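There are 4 protein chains.
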Amino acid sequence: MPLSPDHQAEIDALRGSPAQTLRTVAPGMEKHLYTAQPVLDHGFVRVIDYMGDDAAICQAARVSYGKGTKSVTNDEGLIRYLMRHWHSTPFEMCEVKFHVKLPVFVARQWIRHRTANVNEYSARYSILDREFYIPAPEHINAQSEVNNQGRGAVLDGAEAARVLEILKADSARCYDNYEAMIAQDDQQGLARELARMNLPANIYTQWYWKVDLHNLFHFLRLRADVHAQYEIRVYAETICDLVADWVPFAYRAFADYRMGGAQLSATGLTCIRRMLKGETVSQENSGMSKGEWREFEELLSQG
Amino acid sequence: MPLSPDHQAEIDALRGSPAQTLRTVAPGMEKHLYTAQPVLDHGFVRVIDYMGDDAAICQAARVSYGKGTKSVTNDEGLIRYLMRHWHSTPFEMCEVKFHVKLPVFVARQWIRHRTANVNEYSARYSILDREFYIPAPEHINAQSEVNNQGRGAVLDGAEAARVLEILKADSARCYDNYEAMIAQDDQQGLARELARMNLPANIYTQWYWKVDLHNLFHFLRLRADVHAQYEIRVYAETICDLVADWVPFAYRAFADYRMGGAQLSATGLTCIRRMLKGETVSQENSGMSKGEWREFEELLSQG
Amino acid sequence: MPLSPDHQAEIDALRGSPAQTLRTVAPGMEKHLYTAQPVLDHGFVRVIDYMGDDAAICQAARVSYGKGTKSVTNDEGLIRYLMRHWHSTPFEMCEVKFHVKLPVFVARQWIRHRTANVNEYSARYSILDREFYIPAPEHINAQSEVNNQGRGAVLDGAEAARVLEILKADSARCYDNYEAMIAQDDQQGLARELARMNLPANIYTQWYWKVDLHNLFHFLRLRADVHAQYEIRVYAETICDLVADWVPFAYRAFADYRMGGAQLSATGLTCIRRMLKGETVSQENSGMSKGEWREFEELLSQG
Amino acid sequence: MPLSPDHQAEIDALRGSPAQTLRTVAPGMEKHLYTAQPVLDHGFVRVIDYMGDDAAICQAARVSYGKGTKSVTNDEGLIRYLMRHWHSTPFEMCEVKFHVKLPVFVARQWIRHRTANVNEYSARYSILDREFYIPAPEHINAQSEVNNQGRGAVLDGAEAARVLEILKADSARCYDNYEAMIAQDDQQGLARELARMNLPANIYTQWYWKVDLHNLFHFLRLRADVHAQYEIRVYAETICDLVADWVPFAYRAFADYRMGGAQLSATGLTCIRRMLKGETVSQENSGMSKGEWREFEELLSQG
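Protein chains in written order, with our numbering: chain A, 1 to 303; chain B, 1001 to 1303; chain C, 2001 to 2303; chain D, 3001 to 3303.
1) Hey, could you find the ends of the alpha helix (DSSP H) residue 230(A) is sitting in?
2) Say whether the stretch 262 to 271 of chain A touches the stretch 284 to 300 of chain A, bearing in mind that this needs 3 or more beta-carbon pairs closer than 8 Å, one atom from each stretch.
3) Looking at the unbroken beta strand (DSSP E) that takes in residue 1225(B), where does it start and where does it end?
4) Using DSSP's beta-bridge definition, name the partner residues of residue 2043(C).
5) Could you tell me whether the stretch 1196 to 1205 of chain B touches the stretch 1094 to 1113 of chain B, using the rule of 3 or more Cβ pairs below 8 Å?
6) Which residues, in chain order, does the stretch 1267 to 1297 of chain B contribute to contact with chain D at a C-beta distance below 8 Å?
7) Counting along the chain, where does the alpha helix (DSSP H) carrying residue 3168(D) start and finish?
8) Please identify the residue among 1289(B), 1255(B), 1079(B), 1206(B) whose C-alpha is closest to the C-alpha of residue 1039(B).
9) Go ahead and label residue 2150(C) buried or exposed: buried means 16 or more other beta carbons lie within 10 angstroms of its beta carbon, across all protein chains shown.
10) Counting only beta-carbon separations shorter than 9 Å, does residue 141(A) have a partner in chain C?
11) According to DSSP, what are the bridge partners of residue 1099(B)?
12) What span of residues does the beta strand (DSSP E) with residue 1092(B) cover, start to end?
13) Does the separation of the CB atoms of residue 2065(C) and residue 2046(C) fall below 9 Å?
14) CA-CA distance, residue 1108(B) and residue 2108(C)?
15) Assess contact between the stretch 3112 to 3125 of chain D and the stretch 135 to 153 of chain A, defined as three or more Cβ pairs (one per stretch) separated by less than 8 Å. Is contact present?
16) When you compare each of 3130(D), 3081(D), 3036(D) to residue 3005(D) by their alpha carbons, which one comes out closest?
17) Start and end of the alpha helix (DSSP H) containing residue 2151(C)?
18) For my contact list, residue 236(A) and residue 224(A) are in at a C-beta cut-off of 8 Å; report their separation, rounded to the angstrom.
19) Would residue 3083(D) pass as an interface residue toward chain C - the criterion being a Cβ-Cβ separation below 9 Å?
20) Provide the residue(s) that pair with residue 2118(C) in DSSP beta bridges, ordered along the chain.
21) Could you check the C-alpha separation between residue 1026(B) and residue 3267(D) for me, to the nearest Å?
22) Are there 16 or more other CB atoms within 10 angstroms of the CB of residue 3189(D), so buried, or fewer, so exposed?
23) Round the Cβ separation of residue 247(A) and residue 216(A) to the nearest angstrom and send it over; I've been treating them as touching at under 8 Å.
24) Out of 2007(C), 2175(C), 2138(C), state which residue places its alpha-carbon closest to the alpha-carbon of residue 2158(C).
25) How is the beta strand (DSSP E) around residue 2142(C) delimited, first residue to last?
26) I'd like the list of long-range same chain contacts for residue 3232(D), defined as Cβ closer than 7 Å, with 5 residues on each side in sequence excluded.
27) For residue 2259(C), does the three-state DSSP call read helix, strand or coil?
28) Could you work out which residues of chain C lie near residue 78(A), taking near to mean beta carbons separated by less than 9 Å?
29) Consult DSSP for residue 3135(D) and reduce its assignment to one of helix, strand or coil.
30) For the stretch 1099 to 1119 of chain B, list every residue whose C-beta sits within 7 Å of some C-beta in chain D, in sequence order.
31) Where residue 1057(B) and residue 1048(B) are concerned, what is the direct C-alpha to C-alpha distance, given to the nearest angstrom?
32) With C-beta atoms as the reference, is residue 1127(B) less than 9 Å away from residue 1192(B)?
33) Inspect the beta-carbon positions of residue 2253(C) and residue 2213(C) and report whether they are closer than 9 Å.
34) Within 10 angstroms of the Cβ of residue 3016(D), are there 16 or more other Cβ atoms? Answer buried if so, exposed if not.
35) Is residue 2226(C) close to chain B? Criterion is C-beta to C-beta, closer than 9 Å.
36) Among 2091(C), 2075(C), 2116(C), which residue has its Cα nearest to the Cα of residue 3093(D)?
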């Protein structure tokens, strides 16, 4: 349960105070505003604010393309056209602001997406709470043997238990010592900006994260992908659900063209054309390396 | 009068359709939504949407700095502190979207500010309207003799009249020929993407421009400055007025610390310290070049 | 012939003055340094400086992925892997700086790519030269009838001649009047920042443009594409040739995965899987709109 | 001593292999290439590559401002002019790439500067080394009592010793357990992407960091500032020394106008004008808050 009673009361107050606006309102997003969507054991994602909706994407596109977009008779068709042809700027006209609570090692991956605005809780100024991510047993996996990154099978019970014990004990001890170093009773107390270095990467931090829809889609394509680390993927999936309610046309186009689609190389396209003509194509005569051919075969056999 | 009756009717309809929202509402901005603020002879600036207000800046800052910001007892004090100490990320948490109609030569300066989202009317897809910026006689100036950029005195009546005649005649002729080239009656009609090259830089274009408050302040500091070209400055000044109503605390801090303030060099600071001790400082013993000293003297004698 | 004798002498001097460096040197790029590659009637692209080569991309990837990249036995294989899996940051480790001379209407398209550094010749400070883009007759096309943007057939001789006459006459007259307005003999002379508004969009400007390889590839994918306007495409194609000599492995991977490849939607992938199983798929049972199906069929039948 | 013999041999080999180039060469930077500048107990900064020099800044400015810059008779004067008047784009024409080894908590501050390219060592793919930042006793300070961020007095010997003992013991234990979890002898071995969460924020990571000179100056102004945390400031200071050798004119202008200068508010400027006229100005009649007045007085009394 990630929310304190105070925090919940604040959310209830915000949700109980509607106001009038002349701006575009997205009903699918209004219903989610401020509410904390739980993620992992102590994390959450909350929508704090948003700008625009599906119609705002079309409005911007029609400024750009003028009469050229009149021939597309409906908004969903236009949005699909824009997504298919990489017209990214109309999607930049929507913006969303999240409040996210997340483990530091997830935050470190997340921040690599640079085209966004961030205000993170500062451990130079303030004292971090005693909250650590401890994976559920079913998410404790072995190192993958085929993939230098990524996970293999779930660890067996005894080894998973041993890992859990280590993670819990080290988190607790490091936090005890963090507190002991900054304590201010009869000693001077270490500066917070120094004491924080004793805290492991599974401690939770939080931030406000604001991003436009185009860059959010880019983030989601990489982080909601099956190859992304589980601990960031669950945040991305939570955000996918929110975006699907906010801009349903744009989200469906994204799901079809980006998340569920695939980028084929010129070589791959040529192979497909040959196969459709009835030719037997194998790795040897494909022009692809073994690794690339394996990925290509998987792509064609899915579903 | 920049608006067609259709456009005005659309604005009236939008302004007549309030809806409920749970988001932060900035009353000072609601009153401006959609309305066209006239700029130059055919241009305008309209607020299409916004996200956040003064309180949203503080909210983001308090996430970052936690209890550290509790000691600042009020929002305006906190916002002034943030502005003074270059804490820029909380200001990035506000966003605004404008619809702007502007001459192409102004658009070319404006677009150099890269941290913003833009959808411009496309002359590849659509036909531009016959609207050109023709300066008022009081804004037709000679080349400055002291400044390689910038304007000198207003041209005298006869020369100004000659300039106006040229600008009007060339605009009209170029547009007539633009129309003649794309006409589709008994000839094939030149592609729009080619025909547009015949149009001079005082033709009007329009775009949606979306930017966060931090980057907007940066734009305003440079473009509302007295050294900016008049034709972009009037857009920046119009936006200043809108921002002052949207986020009054942030705008006042910006006006005090950025617009009205000045960056002093180490050398300049040393000179001021010497002067305050009663020493007579001149260009010769200041450590500054002549040009720099002239700017320094102007700074100290203003007001 | 775009270069003045002075400019050519400067290039010869620069090319005649090699120096020693400890930095990575890309021989394929050294041979192009400073030389002007002609584009259109008066334009050019020149490489002014570069940082990195194929090995620098691998070096950065190996910092990131550590031992994970050791299993890829050669640099080209690693670069193809990075491109295929959208690992964009190693490509950002290469940088290139161009000097480009181009018509203003091309510059207006180009500048929409915001992740780059630009210094453009300023018509506020300086006087533009009398150089205008006048298309060759074989590039004067009618408006496309099937595509709201883009060109159709080449205009027939008489109409093309009429267009050329208009473009030449209007360019000349506008420039004559530009000169007349800024002339400083017996009149005050209009400020340059105002006079420039009389110049049409086919006048040439120039700039320094600096960009990293990842963002350059993004630019090239859009602007060297067959759907890009001819006048910017020729610049992109010229740059493609330079990049192919600079980072041959990266360029080949880009050509295979991006330029020659295609993004398939989930719907499109499903159709291909059905077709490969022998099913007859038509637009009606494809799940695609007519426009999308037409693009899909073209993709599968090319080559 | 942060370098392994292998690493040192690699550096020696690179430094022993000069090549010819036609590019601009900055002799002051060539002497630093590849060499590791030690920072903190195990960190370093190394220049891997650079593009441009002082002359390249002027070259770009002269493209922009054309004849307008001819009146500035020398490069240093022009560079000072550009810096004083916030003409930032010419400085963007220089680029530098560093290899940096740094504690994770420093990396987390550093990465907030988004306009840069980064490739970081990935603990998903690879195993981190057993290297932790343990502060020297003279850098172990108490929490500041006047400043919510920042440090107060150096801790006394006994308390500093206690802190050091904690940091060392927790680092060692966490790393032992990290190793134990990923070990692959008779157990399956936890995935690296999970095991890394047990590592505290004083473990060292490394990255390639590439940035243009304008954005580097912005980073240095904030991070070489006296208010920056010591552990990032020493990196910034090391980089300052490298930049001073690379682009001496630009660095001196930066030191004078940015590092050593100050931003005065409109209110502050007015106070200075009043004081120079002989008026006695106090906080009460200054128009400033107490905190702001204190900062203002400090500024005027320094040196």
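Using N, Cα and C, we set each Cβ at its ideal position, and we do this for glycine too.
No experiment lies behind these values; they were computed from the predicted model shown.
With the given structure in hand:
1) If you number the first sequence from 1, residue 230(A) lands on position 230. Unbroken alpha helix (DSSP H) run through residue 230(A): 230 to 246.
2) Short answer: they touch.
3) For this step, residue 1225(B) is matched to residue 225 along the second sequence. Per DSSP, residue 1225(B) belongs to no beta strand (DSSP E) and is neither H nor E.
4) The sequence position of residue 2043(C) within the third sequence is 43, counting from 1. Per DSSP, 2039(C).
5) A contact between stretches requires three or more CB pairs, one per stretch, nearer than 8 Å, and the stretch 1196 to 1205 of chain B meets this requirement with the stretch 1094 to 1113 of chain B.
6) 1267, 1268, 1269, 1270, 1272, 1273, 1275, 1276, 1289, 1291, 1292, 1295
7) On the fourth sequence, residue 3168(D) is found 168 positions in, with the first residue counted as 1. Start and end: 3157 to 3182.
8) For the purposes of this step, residue 1039(B) is taken as residue 39 along the second sequence, with counting starting at 1. Among 1289(B), 1255(B), 1079(B), 1206(B), the Cα nearest to that of residue 1039(B) is on 1206(B).
9) Numbered from 1 along the third sequence, position 150 holds the residue referred to as residue 2150(C). By the 10 Å Cβ count, residue 2150(C) comes out buried.
10) If you number the first sequence from 1, residue 141(A) lands on position 141. It does not: the Cβ of residue 141(A) has no partner Cβ on chain C nearer than 9 Å.
11) Sequence index remark: in the second sequence, residue 1099(B) carries index 99 (1-based). Partner(s): 1046(B), 1208(B).
12) In the second sequence, residue 1092(B) corresponds to position 92, counting from 1. Careful: residue 1092(B) lies outside any beta strand (DSSP E) and carries neither H nor E.
13) To locate residue 2065(C), count along the third sequence from 1; it is residue 65. To locate residue 2046(C), count along the third sequence from 1; it is residue 46. No; because the gap between Cβ atoms is not below 9 Å, this pair is not in contact.
14) Working through the second sequence from its first residue, we reach residue 1108(B) at position 108. Working through the third sequence from its first residue, we reach residue 2108(C) at position 108. So the two alpha carbons sit approximately 8 Å from each other.
15) Touching, yes.
16) For the purposes of this step, residue 3005(D) is taken as residue 5 along the fourth sequence, with counting starting at 1. The shortest Cα separation from residue 3005(D) among 3130(D), 3081(D), 3036(D) belongs to 3036(D).
17) To locate residue 2151(C), count along the third sequence from 1; it is residue 151. No alpha helix (DSSP H) contains residue 2151(C), which is instead part of the beta strand (DSSP E) from 2151 to 2154.
18) Along the first sequence, read from residue 1 onward, the residue named residue 236(A) stands at position 236. Along the first sequence, read from residue 1 onward, the residue named residue 224(A) stands at position 224. Sure, about 4 Å apart at Cβ, within 8 Å.
19) What you label residue 3083(D) is simply residue 83 of the fourth sequence in a count that begins at 1. Closer than 9 Å: no.
20) The residue you call residue 2118(C) lines up with position 118 of the third sequence. Its beta-bridge partners are 2209(C).
21) Reading the second sequence from its first residue, position 26 is the one you call residue 1026(B). Reading the fourth sequence from its first residue, position 267 is the one you call residue 3267(D). The alpha-carbon atoms of residue 1026(B) and residue 3267(D) are separated by roughly 28 Å.
22) Counting from one through the fourth sequence, the residue named residue 3189(D) turns up at place 189. Its Cβ being crowded by 16 or more others within 10 Å, residue 3189(D) is buried.
23) Here residue 247(A) refers to the residue found at position 247 of the first sequence. Here residue 216(A) refers to the residue found at position 216 of the first sequence. So it is not a contact: roughly 10 Å between Cβ atoms.
24) As a working note, residue 2158(C) is residue 158 in the third sequence. With distances taken between Cα atoms, residue 2158(C) lies closest to 2138(C).
25) Indexing the third sequence from 1 puts residue 2142(C) at position 142. Note, residue 2142(C): beta strand (DSSP E), 2141 to 2143.
26) On the fourth sequence, residue 3232(D) is found 232 positions in, with the first residue counted as 1. For residue 3232(D), where only same-chain residues beyond five positions count, the Cβ hits under 7 Å are 3106, 3109, 3110, 3223.
27) What you label residue 2259(C) is simply residue 259 of the third sequence in a count that begins at 1. Looking at residue 2259(C) - three-state DSSP - the assignment turns out to be helix.
28) As a working note, residue 78(A) is residue 78 in the first sequence. Ordered by position in chain C, no residue passes the 9 Å Cβ test against residue 78(A), which lies about 11 Å from the chain.
29) Taking the first residue of the fourth sequence as 1, we reach residue 3135(D) at position 135. Coil, per DSSP.
30) none
31) Locating residue 1057(B) in the second sequence gives position 57, counting from the first residue. Locating residue 1048(B) in the second sequence gives position 48, counting from the first residue. Taking the straight line joining both Cα atoms gives about 20 Å.
32) Here residue 1127(B) is taken as the residue at index 127 of the second sequence, counted from 1. Here residue 1192(B) is taken as the residue at index 192 of the second sequence, counted from 1. Yes, these two residues count as a Cβ contact at 9 Å.
33) Locating residue 2253(C) in the third sequence gives position 253, counting from the first residue. Locating residue 2213(C) in the third sequence gives position 213, counting from the first residue. The answer is no: Cβ separation not under 9 Å.
34) Position 16 of the fourth sequence, counted from the start, is the residue given in the question as residue 3016(D). With fewer than 16 other Cβ atoms inside 10 Å of its own Cβ, residue 3016(D) counts as exposed.
35) As a position in the third sequence, residue 2226(C) is number 226, starting the count at 1. Closer than 9 Å: no.
36) Taking the fourth sequence and counting its residues from 1, one reaches residue 3093(D) at position 93. Selected option, being the one with the closest Cα: 2116(C).
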